[in-house]
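Trainee:
There are 2 protein chains.
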Amino acid sequence: MSGHQTAEPDLGVLAAQVLFSVQRELFTALAEQGFDDIQPRAGAVLAYLRADGIRASELARVSGQHKQVIGSLVDDLECLGYVERKPDPGDRRAKLICPTERGLLQMEAAVSIMRTIEERHAKALGQQEYAAFKTALHRVADLQRKVQDRGHRGRHRPVAHVRSRGLE
Amino acid sequence: MSGHQTAEPDLGVLAAQVLFSVQRELFTALAEQGFDDIQPRAGAVLAYLRADGIRASELARVSGQHKQVIGSLVDDLECLGYVERKPDPGDRRAKLICPTERGLLQMEAAVSIMRTIEERHAKALGQQEYAAFKTALHRVADLQRKVQDRGHRGRHRPVAHVRSRGLE
DNA sequence: CTTGATAGTCAGTTTTAGTGACAATTCGAA
DNA sequence: TTCGAATTGTCACTAAAACTGACTATCAAG
Numbered sequence: 158m159s160g161h162q163t164a165e166p167d168l169g170v171l172a173a174q175v176l177f178s179v180q181r182e183l184f185t186a187l188a189e190q191g192f193d194d195i196q197p198r199a200g201a202v203l204a205y206l207r208a209d210g211i212r213a214s215e216l217a218r219v220s221g222q223h224k225q226v227i228g229s230l231v232d233d234l235e236c237l238g239y240v241e242r243k244p245d246p247g248d249r250r251a252k253l254i255c256p257t258e259r260g261l262l263q264m265e266a267a268v269s270i271m272r273t274i275e276e277r278h279a280k281a282l283g284q285q286e287y288a289a290f291k292t293a294l295h296r297v298a299d300l301q302r303k304v305q306d307r308g309h310r311g312r313h314r315p316v317a318h319v320r321s322r323g324l325e
Numbered sequence: 158m159s160g161h162q163t164a165e166p167d168l169g170v171l172a173a174q175v176l177f178s179v180q181r182e183l184f185t186a187l188a189e190q191g192f193d194d195i196q197p198r199a200g201a202v203l204a205y206l207r208a209d210g211i212r213a214s215e216l217a218r219v220s221g222q223h224k225q226v227i228g229s230l231v232d233d234l235e236c237l238g239y240v241e242r243k244p245d246p247g248d249r250r251a252k253l254i255c256p257t258e259r260g261l262l263q264m265e266a267a268v269s270i271m272r273t274i275e276e277r278h279a280k281a282l283g284q285q286e287y288a289a290f291k292t293a294l295h296r297v298a299d300l301q302r303k304v305q306d307r308g309h310r311g312r313h314r315p316v317a318h319v320r321s322r323g324l325e
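Read top to bottom, the protein sequences are chains W and E. Under the numbering used here, think of the first position of the first sequence as 158, with each following residue one higher. Under the numbering used here, think of the first position of the second sequence as 158, with each following residue one higher.
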């Protein structure tokens, strides 16, 4: 991004600051609650898990990661007891990634922590202002992703490296 | 993050979507304008460059990256002709990372592209709404970073990998 | 039944992050 | 001023993650 000068940081820089600091707070809190064997990286899977299961290729799409990365993340999370692979009844090629009991507990904990974080911001900004902010953020995210898809039709484009986290 | 269910995505998920799609659009546009030899990763340096120079350790702080990473990024950018290292007049230990002429052109291009992106969102949301949104985002980012610093005092915590971009 | 696309995995290469140590320098306190 | 602690940037090394290409199995359309 271009946060040049001492001037005001741009949309990308701000998004990066929010992302990484929220991510850090979330995983620190999760670790304190006993989920100390998962890393932010696993968020590509955990954030999009559903109780009724989701396909690996769907995870790759929504997270913007290569399917190989999703595969290895699921391997790890399966060893750690967070998810399990079940055959997809509707498609014998596919497997459903389903949360285990521990996975469900993690999901609930993550939702709760994120709610706490957002409530803190809502108090700081005011409930209405925060609600408007989040609505706007949602619209910006949607609009921005649409533009992206228009540009690179078909090409697989793992959004960059989250690794690249210093980036914006 | 926890974007569980089909429910509404949380702050982290939204920030990630914005970050990575903005990042992709920015670097695609930069490439089209001739800056096709830099990657999003280099944003950790480029986004915080200043015409009068900035220290590597300062870059490490603001970008949340290890100083070794900054060092190798600066190595690359120096080879590519975007920056140069100059001795810091005020501290003989330090070196100032200064943009070259090409670096300045890149900075201007990035600022211009980001302005275009933000103007698109401002038109979609309405100028006033977008301005309020960005102010709120700024406050959320500041507040969130403060909380982080409170928790991990002193510890160096490279905010994660931007690479980890699928993450939330 | 053939063709083409999709789902998931395997193996291998390359890139990047993370760790510890180091010399040079600065700063603060005795 | 002199000593010790902290800081700046770099080097060398290890660990981890991303990327590439290929491959089987399955589906879906004609």
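By construction, the Cβ of each residue, glycine as well, lies at the ideal position given by its N, Cα and C atoms. Fair warning: this is a prediction, and the values are worked out from it, not measured in the lab.
Leaving out the 5 sequence neighbours to the left and right, which residues in its chain are closer than 8 angstroms to Ala288/E when beta-carbon positions are compared?
Mentor: Excluding residues within five positions, the ones whose Cβ falls inside 8 angstroms are Ala279.
Trainee: Report, in whole angstroms, the separation of the C-beta atoms of Val175/W and Val297/E, which I expect to be a contact under 8 angstroms.
Mentor: With 8 angstroms as the limit, Val175/W and Val297/E qualify as a contact, their Cβ atoms being about 6 angstroms apart.
Trainee: State the CB to CB distance for the pair Gly228/W and Arg259/W, rounded to an integer number of angstroms; the pair is presumed to be in contact (CB under 8 angstroms).
Mentor: So it is not a contact: roughly 20 angstroms between Cβ atoms.
Trainee: Please classify Gly210/E as buried or exposed, where buried requires at least 16 other C-beta atoms within 10 Å of its C-beta.
Mentor: Its Cβ being crowded by 16 or more others within 10 Å, Gly210/E is buried.
Trainee: How should Arg310/W be labelled, buried or exposed, when 16 other C-beta atoms within 10 angstroms of its C-beta is the threshold for buried?
Mentor: Reliability of the predicted coordinates at Arg310/W is poor, the pLDDT of 42 falling under 50, and the value obtained from them is presented with this limitation in mind. The residue in question, Arg310/W, is exposed, as its Cβ has fewer than 16 Cβ neighbours within 10 Å.
Trainee: Could you tell me the alpha carbon to alpha carbon distance between Pro256/W and Arg277/W, rounded to whole angstroms?
Mentor: If you take the alpha carbons of Pro256/W and Arg277/W, they lie about 29 angstroms apart.
Trainee: Just the chain E side, please: which residues come within less than 8 angstroms of Phe145/W by C-beta, in chain order?
Mentor: This structure does not reach residue 145/W, given that chain W is present from 158 up to 325, and the question cannot be answered.
Trainee: State the Cα-Cα distance for the pair Leu261/E and Ala172/W, rounded to the nearest angstrom.
Mentor: Taking the straight line from one Cα to the other gives about 24 angstroms.
Trainee: Excluding the 5 residues flanking Glu325/E on each side, which residues of the same chain have their C-beta closer than 6 angstroms to its C-beta?
Mentor: Reliability of the predicted coordinates at Glu325/E is poor, the pLDDT of 46 falling under 50, and no value is obtained from them.
Trainee: Apart from the five residues on each side of it in sequence, which residues of its chain come closer than 6 angstroms, Cβ to Cβ, to Ile270/W?
Mentor: Leu183 and Ala186, listed in sequence order.
Trainee: If you compare alpha carbons, which of Val304/W, Leu282/W and Thr292/W is closest to Ile274/E?
Mentor: Ile274/E has its Cα closest to that of Val304/W, out of Val304/W, Leu282/W and Thr292/W.
Trainee: Could you check what DSSP says for Leu206/E in three-state terms: helix, strand or coil?
Mentor: Leu206/E falls in the coil class under three-state DSSP.
Trainee: Would you check if the distance between the CB atom of Ala251/E and the CB atom of Arg218/E is smaller than 9 angstroms?
Mentor: No.
Trainee: I'd like to check one pair, Ile195/W with Val231/W: are the Cβ atoms closer than 9 angstroms?
Mentor: No. Outside cutoff.
Trainee: Near Arg181/W, what residues of its chain come up, given a Cβ to Cβ distance below 8 angstroms and the 5 sequence neighbours on each side ignored?
Mentor: Counting only Cβ-Cβ distances below 8 angstroms, and skipping sequence neighbours, we find Pro197.
Trainee: Per DSSP, what kind of secondary structure is Pro197/W in: helix, strand or coil?
Mentor: Looking at Pro197/W - three-state DSSP - the assignment turns out to be helix.
Trainee: DSSP has Cys236/W in a bridge; who is on the other side?
Mentor: DSSP, once it has assigned bridges, lists no residue as partnering Cys236/W.
Trainee: Just verifying my parser: in three-state terms, what is the DSSP assignment at Gln189/E?
Mentor: With the sequence shown as reference, residue 189/E is identified as Glu, and Gln is not the correct amino acid for it. Helix, per DSSP.
Trainee: By the DSSP assignment, the alpha helix (DSSP H) with Arg259/W in it spans what residues?
Mentor: Note, Arg259/W: alpha helix (DSSP H), Glu258 to Leu282.
Trainee: Alpha carbon to alpha carbon, how far is Leu206/W from Met264/W? Give it in angstroms, no decimals.
Mentor: In a straight line, the C-alpha of Met264/W is about 8 angstroms away from that of Leu206/W.
Trainee: Would you say Leu282/W and Phe290/W are within 9 angstroms of each other, going by their C-beta atoms?
Mentor: Cβ atoms of Leu282/W and Phe290/W: closer than 9 angstroms.
Trainee: Secondary structure at Arg212/E, three-state DSSP: helix, strand or coil?
Mentor: The answer is strand: DSSP assigns Arg212/E an E or B state.
Trainee: Give every residue of the same chain whose Cβ lies closer than 7 angstroms to the Cβ of Asp245/W, excluding the five residues on either side of it in the sequence, and list them in chain order.
Mentor: The answer, listed in chain order, is Arg212, Ala251, Lys252 and Leu253.
Trainee: Excluding the 5 residues flanking Gln190/E on each side, which residues of the same chain have their C-beta closer than 7 angstroms to its C-beta?
Mentor: Closer than 7 angstroms at Cβ, skipping near neighbours: Ala266.
Trainee: Assuming the contact rule is C-beta atoms closer than 8 angstroms, Ser178/E and Arg302/W should be a hit. Round their C-beta distance to whole Å, please.
Mentor: Contact flag correct, Cβ pair sits at about 5 angstroms.
Trainee: Return the CA-CA distance between Val268/E and Glu165/W, expressed in angstroms with no decimal places.
Mentor: Whole-angstrom Cα-Cα distance: 11 angstroms.
Trainee: Beta-carbon separation of Leu234/E and Val226/E under 9 angstroms?
Mentor: No.
Trainee: At a CB-CB cut-off below 8 angstroms, which residues of chain E make contact with Leu168/W?
Mentor: Residues of chain E passing the Cβ test: Val175, Val179, Met271, Ile274, Glu275, His278, Lys291 and Leu294.
Trainee: Of all Cβ atoms in chain E, is any one closer than 9 angstroms to the Cβ of Glu165/W?
Mentor: Chain E contact via Cβ: present.
Trainee: When you compare only the Cα positions, how much space is there between Ser220/E and Asp167/W?
Mentor: Roughly 14 angstroms separates the two Cα atoms.
Trainee: Roughly how far, in whole angstroms, is the beta-carbon of Ala204/E from the beta-carbon of Glu286/W, given that I think they are within contact range, below 8 angstroms?
Mentor: Incorrect: roughly 27 angstroms between the Cβ atoms, too far for contact.
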